[in-house]
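Engineer: There's a structure below that I have some questions on.
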Amino acid sequence: MGRKLDPTRKEKRGPGRKSRKQKGAEAELAKFLPADVQTSKRLSSHARKRAAKRCQELPTPVDRKNADLQEHSGPQDEKAFQQKPVTGRKAHEMQHQEANTLGFSDENAEWLTVAKRKRPQSEESEEEGGPGLGYRGEEEAMVSDDEHLSLGSSDAEEMVDDYGTSSNSQTELPIEKAARKLKLLQEKKGRQGSSSRDNEDDALAPDLALNMDVEAFVLPSSQAIQEMTHHPSDLHVIHQRIQDNVEVLQNFAARREAERTRQEYLTLLRKDLAVYFSYGDYLIEKLMELFPVSELVDFLEANEVQRPVTIRTNTLKTRRRDLAQVLINRGVNLDPLGKWSKTGLVIYDSSVPIGATPEYLAGHYMLQGASSLLPVMALAPQENEKILDMCCAPGGKTSYIAQLMKNTGMILANDANAERLKSVVGNLHRLGVTNAVVSNYDGRQFPKVLGGFDRVLLDAPCSGTGVISKDPMVKTNKMEVDLLRCAHLQKELLLGAIDSVDADSETGGYLVYCTCSITVEENEWVTDYALKKRNVKLVPTGLDFGSEGFTRFRERRFHPSLKLARRFYPHTHNMDGFYVAKFKKFSNMIPKLVKEVDSTVVTEQTSLDMPVPVAPTAKQVKNSSDQGLNVNEQLNGLSSAQRQTGLKLKQKSVQQRLHSKSARGKTKTHMLKKFKKGK
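For the sequence shown, the UniProt record's numbering assigns the number 1 to the initial residue and increments by one for each residue that follows.
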């Protein structure tokens, strides 16, 4: 077997290194060599010496043998000695024997021709008789008569090498011939099919339209829906029905059934989602109000998958590059968390427990979710500041703040649960935090304990609707009462945190409010409440990604600056659901209440989004006088003209009270005179 040569591309001047190692290569290459090129092999020095000895006029062994035979036979045996000329394969073998005996020269060059065999006629007919294939005839026509003569073969004969393969370079293997036939057939069919393809498409178009009509989603009847609630069908059937229902709702005008309302489709979808993903009716209804239909399914599916394990490098003891190299050597597959974090690493898989490595015990990193890094990054603590972490357990955010402050300043880590503070103390000791003080106070009463902080971080307790992948019990055990209770507690904590911030701080005066919930009642509603109750405003969080907060949700309307808040979702950012809002306190003055129920001093917004007090009405002043409030406290922060108006109204209300009748029908002035006479 040798390389196939193409004389039309390149002319071979001699045998190559590979062809010299193969038997019969000289005969194969002789077809393509010019007549004037000698095919003699270059001999080495030792071979040249041996050839010189052969060229000497000495009797060869064959001559000696012939001479001996002639001497013993005599003239009478000449007829017996004469034999018929030997031809064919035997003659070729004899020539090779003589070549081995006498050596190689120009005269016996024909001895080097390769053995020939006649191939059966059936094989030739199979190769040459292919339909529409004339490659063999064309290839044989390319070989000249001189080449055939030099090879010593006829047209009907073919040379075969030692491996039994045809040595003719222009012949093809059977698999190559079959591939060529198949290619020609495909090209022929392609030319025939291209002409009728357009007609077929036009003919199939009505069929496709009919198929679309057949596969349209049919909404079950009310009785069938009630039966499905009592006897749920297979989950695969429910999943397919959810997908069909979502497609109809996305293009409701074109795909809905006649005389069917959108509310009927939504009711069926709500029941199917509750059954398929095991949610309670109340929570699934809340989520349907929050997300579009297509995005809702993605959110529910994302909650069924665990979020990636992430760790935060403790730069107080090591660098992220060194920590990553050490963990990789221990068999941990990890990557940087993202461009937005300089300390986070995401763990894909590990051959060792991440929470029990020597590096973890030495405090080189902290197991912490990616979303928990965002509030501290938004807070942006500076060195030598006084910072309050109002709900600090289990200490991940507190240690991150100390890391950014480089163990300078002071951090007050507070939590209302004394049992959870044990984990805070352990983590702070392990991570090498030395500027933290741990306290156990109720955050709502904390301003009475200590205040004047430069920055405050409030990670308020919530319903946990953003971490359903960690706690699947949230799907069924959360009701409307739980959300309202959490929202009320968050409002109280947020007001206490705002009161703990010092607005006159040179570097701070900031507060970050965050929750691991995605409901509006616990996020935008609470934030908007704080904007109304305290002298604060929202500022950018400094986070480059995340969805904007809601400025309007169903019938509620919130402050326009709530678009500066950031929301994070599992299906969008591949992290736990989170809400982050950053406040800036511009005044330590607390607006006083004029009415018990949402009756703060009426404010109106300016272009700077700062509340400007407006003079109270006569009714408000009268009610305040009944409650015994000080007029100066109520009118504090008003302009001089507004204060004069308020004082006049106050004097008028006092005069009216003096002239009013008592319960016995007598005026208070008359009772006062009678009392003096009695004395």
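Glycine included, each C-beta is placed from N, C-alpha and C at the ideal position.
By Cβ distance below 8 Å, which residues in the same chain neighbour L484 in space, the five residues on each side in sequence not counted?
Structural biologist: E521
Engineer: Roughly how many angstroms separate the alpha carbons of K475 and M366, rounded to a whole number?
Structural biologist: C-alpha separation (whole angstroms): 29 Å.
Engineer: Between L404 and the ligand PLP, is there a pair consisting of the residue's CB and a ligand heavy atom that are separated by less than 6 Å?
Structural biologist: The ligand PLP is absent from the structure shown, which contains no ligand whatsoever.
Engineer: Touching or not, the region 452-465 and the region 387-401, by the rule of three or more beta carbon pairs under 8 Å?
Structural biologist: Taking 8 Å as the limit for Cβ pairs, the verdict is that the region 387-401 does touch the region 452-465.
Engineer: Any idea what DSSP makes of V246, helix, strand or coil?
Structural biologist: Correct three-state label for V246: helix.
Engineer: Looking at the secondary structure, which residues open and close the beta strand (DSSP E) in which C514 lies?
Structural biologist: Y510 to T515
Engineer: If I'm right that L334 touches I328 with Cβ under 8 Å, what's the distance once you round it to whole angstroms?
Structural biologist: 7 Å
Engineer: With DSSP as the reference, label T617 as helix, strand or coil.
Structural biologist: Any reading at T617 is ruled out, since the residue's pLDDT is 48, under 50, leaving its predicted position unreliable.
Engineer: Which of the three DSSP states, helix, strand or coil, is assigned to K342?
Structural biologist: Here K342 sits in coil by DSSP.
Engineer: Using CA atoms only, rank isn't needed, just tell me which of V512, V332 and R554 is closest to L373.
Structural biologist: V512
Engineer: Which of the three DSSP states, helix, strand or coil, is assigned to V408?
Structural biologist: The sequence given here has Thr at residue 408, not Val. In the three-state reduction of the DSSP assignment, T408 falls in the coil class, being assigned neither a helical nor a strand state.
Engineer: Where in the region 513-594 do unbroken runs of the alpha helix (DSSP H), each at least 4 residues long, occur, reported from the N-terminal end onward?
Structural biologist: 524-533 and 570-573
Engineer: Check whether the region 426-434 and the region 391-403 are in contact - that is, three or more C-beta pairs closer than 8 Å.
Structural biologist: yes
Engineer: Based on Cα-Cα distance, which residue from E383, E419 and G395 lies nearest to L404?
Structural biologist: Residue E383 is the option with its Cα nearest to L404.
Engineer: Alpha carbon to alpha carbon, how far is C462 from Y579?
Structural biologist: 11 Å
Engineer: Mind reading off the beta-carbon distance from V433 to N407? Whole number of angstroms is fine, and I expect it under 8 Å.
Structural biologist: Between N407 and V433 the Cβ distance is about 7 Å, and since that is below 8 Å, they are a contact.
Engineer: Just how far apart, CA to CA, sit R48 and R54?
Structural biologist: 10 Å
Engineer: In angstroms with no decimal places, state the Cα-to-Cα distance between F299 and F252.
Structural biologist: Their backbone Cα atoms lie some 22 Å apart in a straight line.
Engineer: Identify, in the order they occur along the chain, each residue of the same chain with its Cβ nearer than 6 Å to the Cβ of Y348, setting aside the five sequence neighbours on each side.
Structural biologist: Excluding its 5 nearest sequence neighbours in each direction, Y348 has C-beta neighbours in its own chain below 6 Å: N333, listed in chain order.
Engineer: Between which two residues does the beta strand (DSSP E) harbouring D504 extend?
Structural biologist: Premise fails: D504 is in no beta strand (DSSP E) and is neither H nor E.
Engineer: Give the DSSP-derived three-state secondary structure of D298 in the structure shown.
Structural biologist: helix
Engineer: Return the CA-CA distance between P591 and G409, expressed in angstroms with no decimal places.
Structural biologist: 31 Å
Engineer: Taking 7 Å as the limit between beta carbons, can you name the residues of its chain near C392, skipping five residues before and five after?
Structural biologist: T398, A413, N414, D415 and V424
Engineer: Would you mind giving the Cβ-Cβ distance between W340 and F558, rounded to the nearest angstrom? I have them listed as a contact below 8 Å.
Structural biologist: 27 Å between Cβ atoms; not a contact.
Engineer: For C514, which option in D576, L421 and V305 has the closest C-alpha, if you only look at C-alpha atoms?
Structural biologist: D576
Engineer: Is D234 helix, strand or coil by DSSP?
Structural biologist: coil
Engineer: Going by DSSP, what residue range makes up the alpha helix (DSSP H) through residue 681?
Structural biologist: An answer regarding residue 681 cannot be provided, because it is not within the stretch 1 to 679 covered by the chain.
Engineer: Three-state secondary structure (DSSP) at L287?
Structural biologist: helix
Engineer: Using three-state DSSP, classify V218 as helix, strand or coil.
Structural biologist: coil
Engineer: Could you tell me which of F277, H236, Q490 and R444 sits nearest to D528, measuring between CA atoms?
Structural biologist: Q490
Engineer: Among all the DSSP beta bridges, which residues are the ones paired with D389?
Structural biologist: D389 is bridged to A413 and L457.
Engineer: May I ask you to verify whether the region 581-588 touches the region 535-551, counting CB pairs closer than 8 Å and requiring at least 3?
Structural biologist: yes
Engineer: The alpha helix (DSSP H) that contains V438, what's its start and end?
Structural biologist: First-last for V438: A436 to S439, but that is the beta strand (DSSP E), not the alpha helix (DSSP H).
Engineer: By the three-class DSSP mapping on this structure, what secondary structure does D322 have?
Structural biologist: Note: D322 maps to helix in three-state DSSP.
Engineer: Just curious, the beta strand (DSSP E) that T310 is in, first and last residue?
Structural biologist: V309 to T313
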